[in-house]
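Novice: Respectively, the protein sequence lines represent chains G and B.
So that you can map any letter, position 210 of the first sequence is 221 in our numbering, and since no number is skipped, the others follow by simple counting.
So that you can map any letter, position 231 of the second sequence is 236 in our numbering, and since no number is skipped, the others follow by simple counting.
Built from N, CA and C at the ideal position, the CB exists for glycine as well.
Bear in mind the structure is a predicted one, so any value in this text is a computation, not a measurement.
Here it is, the structure in full.
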Amino acid sequence: MTTHAIPCQVVTAVQRRRQLHEKLFELLALCSVAAALFVLLALLASVFAQGLTRIDWQFLTGFPSRFANKAGVFAALVGSLYLMLLTAIIAIPCGVGAAIYLEEYARKTRLTRLIELNIANLAGVPSIIYGMLGLQVFVRVAGFDRSLIAGALTLALLILPVIIISAREALRSVPVSIRDASLALGATRWQTIRDHVLPMAMPSIMTGCILGLSRAIGETAPLITMGALTYVAFVPDSIFSPFTVLPIQTYNWLSRPQEAFHENAAAAIVLLLGLLLLMNAAAIFLRQYFEARYRR
Amino acid sequence: MLVLAFEAFSFFEEVSIVDFFTDSQWTPLFSDKHFGIAPLLVGTLLTSGIALVVALPFGLLIAIYLTEFASPRLRSILKPMLEILAGIPTVVFGYFALVFVTPILQMLIPSLEPFNALSPGLVMGLMILPMVASLSEDALYTVPRSLRDAAYALGATRLQMVFSVLVPAAMGGVTASFILAMSRAIGETMIVAIAAGQQPVLTGNPLSPVETMTAFIVQVSLGDTPHGTLEYKTIFAVAAALFLMTLFLNNISLRIRERFERAYV
Chain G
12 MTTHAIPCQV VTAVQRRRQL HEKLFELLAL CSVAAALFVL LALLASVFAQ GLTRIDWQFL
72 TGFPSRFANK AGVFAALVGS LYLMLLTAII AIPCGVGAAI YLEEYARKTR LTRLIELNIA
132 NLAGVPSIIY GMLGLQVFVR VAGFDRSLIA GALTLALLIL PVIIISAREA LRSVPVSIRD
192 ASLALGATRW QTIRDHVLPM AMPSIMTGCI LGLSRAIGET APLITMGALT YVAFVPDSIF
252 SPFTVLPIQT YNWLSRPQEA FHENAAAAIV LLLGLLLLMN AAAIFLRQYF EARYRR
Chain B
6 MLVLAFEAFS FFEEVSIVDF FTDSQWTPLF SDKHFGIAPL LVGTLLTSGI ALVVALPFGL
66 LIAIYLTEFA SPRLRSILKP MLEILAGIPT VVFGYFALVF VTPILQMLIP SLEPFNALSP
126 GLVMGLMILP MVASLSEDAL YTVPRSLRDA AYALGATRLQ MVFSVLVPAA MGGVTASFIL
186 AMSRAIGETM IVAIAAGQQP VLTGNPLSPV ETMTAFIVQV SLGDTPHGTL EYKTIFAVAA
246 ALFLMTLFLN NISLRIRERF ERAYV
């Protein structure tokens with residue numbers, strides 16, 4: 012038996028070339044990651060550079076104005092907060108309820124399979140389509156007009172799939188042994204869910220809900236198509252009153268040609284990002300609180 | 006869905022469906038009305054096309070890097086940052102495209118108009134990048150360890166393993182993520198409404214203003230169009246077309262993903 016010895020130099024040359032390729036590829040990949048993050052940084056920097064100086068007490072408490080330096084975001088800020096509160100009140104019980112039903116009660120039939128497929132599909136529908144739906148169903152047919160409640164219902168529909176999907180995953184991660192133990196001790200199904208399954212799944216459910224809500228707070232398109240106003244010089248006083256929100260106010264200022272209004276838009280964006288940050292912080296806090304309480 | 010179907014249907018009672026698809030002009034708001042969806046469709050495809058050209062290669066590259074090359078520590082830093090990018094509201098991206106990206110591009114390409122398809126397309130690519138990256142990453146993780154080990158045992162370098170074994174094996178999941186990204190780009194509204202302009206011109210030139218289907222809906226909604234008029238119905242017809250397109254894409258993506266997961270689980 013003869014063996015063909017490969018000259019040493021050839022091997023090392025090939026190896027070296029391969030190693031070089033690998034290094035080059037790694038560098039390329041690292042550069043693309045860095046580029047994406049750099050753009051993110053540029054985005055934040057440009058927003059803060061333009062917007063931060065514009066935020067003062069007058070901007071926070073003022074109402075929209077024809078003059079850029081007198082305009083404020085009070086109506087939009089309050090509108091955003093009210094809208095979030097209402098959306099949460101509508102979407103969270105519905106979403107978590109649906110998840111509990113699908114995960115704990117429903118049998119695997121054709122119907123539940125169809126519902127699952129639908130939920131997955133709904134999650135991918137462009138948000139502007141939800142706006143059209145809201146316009147027709149809540150604004151026209153239900154007669155809510157362009158009010159807070161119509162906006163909240165539209166947004167609730169929009170984030171329901173997100174909440175349902177994440178809540179189902181949370182429920183699924185609770186071990187079956189917990190359920191079996193509780194049922195074996197004579198607890199009813201509802202007692203098992205209320206006292207054992209839900210508390211254990213709570214941190215993840217909360218995270219999912221807040222994720223959904225932070226998507227809702229940044230949504231502009233569905234509210235514009237639904238017909239939320241762009242010029243609101245008052246604070247909404249009931250759930251049936253017209254409203255505006257921060258993203259819409261931002262869009263409105265952006266669509267004006269004057270530079271000064273763009274500065275206002277940047278300032279509104281800073282506030283919006285601040286709210287988002289606050290919500291994410293709340294998510295982390297709630298998660299830790301519930302984990303400390305139930306997972307000793 | 007019924008709502009959409011109903012309103013779109015009453016639109017087609019007044020405008021023939023043939024005109025809708027073949028007329029090359031879209032001027033429902035002028036007195037000389039034409040209802041050809043082609044300009045809006047081309048505008049939509051142009052901006053989404055640019056976005057995909059940015060997001061697909063970079064997304065896949067980032068996914069490969071995160072699964073195969075990055076150290077766990079680097080991963081734990083990079084992933085949350087990409088998630089931040091994914092969580093930024095689209096109106097903010099719109100601001101970025103109009104106020105930051107367009108002026109820079111104008112310095113590079115002097116013939117670029119203030120409203121154009123290029124800048125929102127690029128920014129939209131940035132927006133869908135995290136989605137492509139994280140879904141492709143999931144797909145790469147699904148590929149069994151044994152396949153990697155087999156490739157290494159045959160003497161493949163990491164790079165050879167990635168491109169001759171890992172990526173082909175994960176192709177199903179990666180394709181699914183690409184298609185989902187396409188559907189996201191088509192349905193994206195605020196970036197194009199802010200930075201692409203609102204002129205429904207049938208053009209393939211990324212330097213000139215275009216109007217997408219979503220931007221048209223926003224334009225009509227901002228004006229006070231009375232309920233029941235033809236203009237009011239046009240937005241439902243456009244929305245129905247948009248809905249069908251995204252539904253079609255999402256379903257294909259879902260199918261591919263299911264088949265892909267069944268192959269390995």
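#1: Please report the distance separating the alpha-carbon of Leu103/B from that of Gln111/B.
#2: Return no unless some Cβ of chain G is closer than 8 Å to the Cβ of Val148/B.
#3: Just reading off the alpha helix (DSSP H) that Gln165/B is part of, what are its end residues?
#4: Would you say Thr95/B reaches chain G, if we count a Cβ-Cβ gap shorter than 8 Å as a contact?
#5: Round the Cβ separation of Gly142/G and Leu164/G to the nearest angstrom and send it over; I've been treating them as touching at under 8 Å.
#6: For the stretch 56 to 67 of chain G and the stretch 91 to 110 of chain B, state whether three or more C-beta atom pairs, one from each stretch, are separated by less than 8 Å.
#7: Can you list the residues of chain B that Asn132/G reaches, using a CB-CB cut of under 8 Å?
#8: Using a Cβ-Cβ distance under 8 Å, would Gly135/G count as near chain B?
#9: Identify the continuous alpha helix (DSSP H) that holds Asp206/G and give its terminal residues.
#10: Please tell me whether Leu288/G and Ala87/G are closer than 8 Å, where the distance is taken between their beta carbons.
#11: How should Trp264/G be labelled, buried or exposed, when 16 other C-beta atoms within 10 angstroms of its C-beta is the threshold for buried?
#12: Distance, Cα to Cα, Thr72/G vs Leu235/B?
#13: Return helix, strand or coil for Pro253/G, following the three-state DSSP convention.
#14: Taking buried to mean at least 16 other C-beta atoms within 10 Å of its own C-beta, is Tyr262/G buried or exposed?
#15: Using three-state DSSP, classify Ser213/B as helix, strand or coil.
#16: Verify whether the separation of the beta carbon atoms of Thr236/G and Ile160/G is less than 8 Å.
#17: Alpha helix (DSSP H) containing Val89/G: first to last residue?
#18: For Ile280/G, go through chain B and note every residue whose CB falls closer than 7 Å to its CB, in chain order.
#19: Would you kindly check if the distance between the Cβ of Leu51/G and the Cβ of Ile89/B is under 8 Å?
#20: In or out: Ile295/G buried (at least 16 other Cβ within 10 Å) or exposed?
#21: Return the residues of the stretch 139 to 155 of chain G that lie within a Cβ-Cβ distance of less than 8 Å from chain B, sorted by chain order.
#22: Could you check what DSSP says for Ser116/B in three-state terms: helix, strand or coil?
#23: What does DSSP give as the partner residues of Val158/G in its beta bridges?
#24: With 8 Å as the threshold, decide whether the Cβ of Pro258/G is near any Cβ in chain B.
#25: Along chain B, in chain order, which residues have C-beta atoms closer than 9 Å to that of Gly285/G?
#26: With a 10 Å radius around its C-beta and 16 neighbouring C-beta atoms as the bar for buried, classify Ser116/B as buried or exposed.
#27: Is any beta-carbon of chain G found at less than 8 Å from that of Gly192/B?
#28: Is the CB of Thr239/B under 8 Å away from at least one CB in chain G?
#29: From Val298/B to Ile184/B, what distance separates their C-alpha atoms?
#30: Between the stretch 62 to 76 of chain B and chain G, which residues of the former have a C-beta closer than 7 Å to a C-beta of the latter?
#31: By DSSP, does Asp67/G sit in helix, in strand, or in coil?
#32: Whose Cβ in chain B lies nearer than 7 Å to the Cβ of Phe36/G?
#33: Exposed or buried, Gln147/G, counting other C-beta atoms within 10 Å across all chains shown (16 or more means buried)?
#34: Buried or exposed: where does Phe120/B fall if 16 or more other Cβ atoms within 10 Å of its Cβ makes it buried?
#35: Can you find a CB in chain B that lies within less than 8 Å of the CB of Arg29/G?
Specialist: Short version:
#1: For Leu103/B and Gln111/B, the distance between alpha carbons rounds to 11 Å.
#2: no
#3: Its alpha helix (DSSP H) spans residues Arg163 to Met166.
#4: yes
#5: Gly142/G to Leu164/G, Cβ: 12 Å. No contact.
#6: yes
#7: Leu252, Asn255, Asn256 and Leu259
#8: yes
#9: It is not in any alpha helix (DSSP H) - Asp206/G carries neither H nor E in the DSSP assignment.
#10: no
#11: buried
#12: A direct Cα-Cα distance of roughly 41 Å separates Thr72/G from Leu235/B.
#13: strand
#14: buried
#15: Ser213/B: coil per DSSP, three-state reduction.
#16: The answer is no: Cβ separation not under 8 Å.
#17: Phe85 to Ile111
#18: Val97 and Tyr100
#19: yes
#20: exposed
#21: Only Ile139, Ile140, Gly142, Met143, Leu144, Leu146, Gln147, Val148 and Arg151 from the stretch 139 to 155 of chain G bring a Cβ to less than 8 Å from some Cβ of chain B.
#22: coil
#23: It is worth fixing the name first, because residue 158/G is Ser in this sequence and not Val. As a beta-bridge residue in DSSP terms, Ser158/G pairs with Pro253/G.
#24: yes
#25: Chain-ordered listing is empty here: chain B has no CB closer than 9 Å to the CB of Gly285/G, the nearest sitting near 12 Å.
#26: exposed
#27: yes
#28: no
#29: Since the first residue of chain B shown is 6 and the last is 270, residue 298/B is not available in this structure.
#30: Phe63, Leu66, Ile67, Ile69, Tyr70 and Phe74
#31: coil
#32: Leu164
#33: buried
#34: buried
#35: yes
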